[in-house]
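Please read the structure below before turning to the comments.
In the numbering used here, the protein residues as written are 4 to 103.
Below is the structure:
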């Protein structure tokens, strides 16, 4: 089980990313279409003034059941440990143990 503070921090980052997504996309579009170097420099400064936690790369994928950050399966939103337990219990439809 992950520390509650780490899970809460990640949730806060997700909210920040959502809040600033439109502004960040608008600035990036303006940066790509800027004609002069001065314009690009000013737009870059504006992007840098945005909060650090509003960057999508700072969000860590975590298991929704345990909060574990590693071995995360995007299809299920679970870590490998929780995925295995739930699959053995038959809680994940369509997931079967492989045999050959």
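Positions of the beta carbon are idealized from the N, C-alpha and C atoms, including for glycine. Just so you know, these numbers come straight off a predicted model, no measurement behind them.
With DSSP as the reference, please indicate the residues paired to residue i in a beta bridge.
{"i": "residue 81", "result": "76"}
Give the DSSP-derived three-state secondary structure of residue i in the structure shown.
{"i": "residue 10", "result": "helix"}
{"i": "residue 100", "result": "coil"}
{"i": "residue 4", "result": "coil"}
With a cut-off of 8 Å on the beta carbons, I'd call residue i and residue j a contact; round off their distance for me.
{"i": "residue 23", "j": "residue 54", "result": "7 Å"}
{"i": "residue 67", "j": "residue 44", "result": "Residue 67 to residue 44, Cβ: 42 Å. No contact."}
Under 7 Å Cβ to Cβ from residue i, same chain only, skipping five residues before and after it: list those, please.
{"i": "residue 105", "result": "Because the chain spans 4 through 103 in this model, residue 105 falls outside it and cannot be assessed."}
{"i": "residue 19", "result": "54, 56, 57"}
Any beta carbon of chain B sitting closer than 9 Å to that of residue i?
{"i": "residue 97", "result": "Protein chains in the displayed structure number just one, and chain B is not present."}
Within its chain, find whatever has a CB closer than 6 Å to the CB of residue i; leave out the 5 residues flanking it on each side and keep chain order.
{"i": "residue 89", "result": "95"}
**Prompt:** Counting only runs that start and end within the segment 21-97, where is the alpha helix (DSSP H) found for 4 or more residues in a row?
**Reply:** 40-52, 83-91
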